[in-house]
Amino acid sequence: MVDDKPYRIYGGEIHNSSSSSLAYMDAVVWPALRGMHLNTVVAPVFWETIEPEKGLFDFTLLDGLLAQARREQVRLVLLWFGLWKNATSAYVPEWVQRDTKTYYRVKDQDGRPMMTISPLCRDAVKADAAAFRMLMRHLKEADGEEQTVIMLQVENEIGVLGAARDFGDAADDAYQKKIPTVLQNAYGVSGSWPEAFKKDADEYFMGYHFAAAIEQIAAAGHAEYPLPLYVNAWLE
Numbered sequence: 001m002v003d004d005k006p007y008r009i010y011g012g013e014i015h016n017s018s019s020s021s022l023a024y025m026d027a028v029v030w031p032a033l034r035g036m037h038l039n040t041v042v043a044p045v046f047w048e049t050i051e052p053e054k055g056l057f058d059f060t061l062l063d064g065l066l067a068q069a070r071r072e073q074v075r076l077v078l079l080w081f082g083l084w085k086n087a088t089s090a091y092v093p094e095w096v097q098r099d100t101k102t103y104y105r106v107k108d109q110d111g112r113p114m115m116t117i118s119p120l121c122r123d124a125v126k127a128d129a130a131a132f133r134m135l136m137r138h139l140k141e142a143d144g145e146e147q148t149v150i151m152l153q154v155e156n157e158i159g160v161l162g163a164a165r166d167f168g169d170a171a172d173d174a175y176q177k178k179i180p181t182v183l184q185n186a187y188g189v190s191g192s193w194p195e196a197f198k199k200d201a202d203e204y205f206m207g208y209h210f211a212a213a214i215e216q217i218a219a220a221g222h223a224e225y226p227l228p229l230y231v232n233a234w235l236e
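For the sequence shown, the numbering used here gives the first residue as 1, with consecutive numbering after it.
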């Protein structure tokens, strides 16, 4: 429902980093889209450009994208490239990238850190949630009346490539503890993750912790501006 009427999305998704340059959008992307007769464009927004310094927010790119979409008379679905995109943490701010102690990475089975920040890292999830909250607050202020943005995807293609699960200290400790009550009730099993889920334990363990992290991030933003939010399923 958009403007209190049923709305069918005829949408196209632009490339990962296209919307990082308003000039590129104007010169290349919008001209290419005009002949496609779309009513909706799916476009990323990036934590690294929105919070370049911790606690300091810059919505210049977002505001420019809103203005361009209104000019082109299309709606936007925003993809939040926060902690995760394509199983890595490539779009986090530099201050997150540098501080690998606070915002620690997934470790593979040999103890080597990967390019993915662990979903068990509470500080990282809290920081992402704070940034997403500010994004939604700004959207409400800048776009609450026009509602150019009709929906948002929280994170993108979440997961880990190259390891069955996180083998870091915090993850190993959590892996041997009892599964959460919500999973005990849902699946009728109990015990530690390997006891409860056997050969699927690694997959269920990571799926649960990614989902819990995204729920925290999404809830923070939704409290500010209750637009529809969704996640994508990466089936590989």
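C-beta atoms are modelled at their ideal positions from N, C-alpha and C, and glycine is treated no differently.
Closest option to H222, judged by alpha-carbon separation, among E48, R98 and Q153: Q153.
For G11, the uninterrupted beta strand (DSSP E) segment begins and ends at G11 to E13. Counted as a single uninterrupted DSSP element, the beta strand (DSSP E) harbouring I150 occupies residues V149 to N156.
Secondary structure remark: continuous beta strand (DSSP E) runs of at least 3 residues inside the stretch 61 to 102, in chain order: 75 to 85.
Less than 8 Å divides the Cβ of R75 from the Cβ of T40.
At least 8 Å separates the beta-carbon of F132 from that of W95. The stretch 159 to 177 and the stretch 115 to 124 touch, with no fewer than 3 CB-CB distances between them shorter than 8 Å. Closest in alpha carbon position to A67, among A87, T49, R34 and D143, is D143. By the beta-carbon neighbour count (other beta carbons within 10 angstroms, threshold 16), E155 is buried. Shown here, I50 sits in a helix according to DSSP, grouped into three states.
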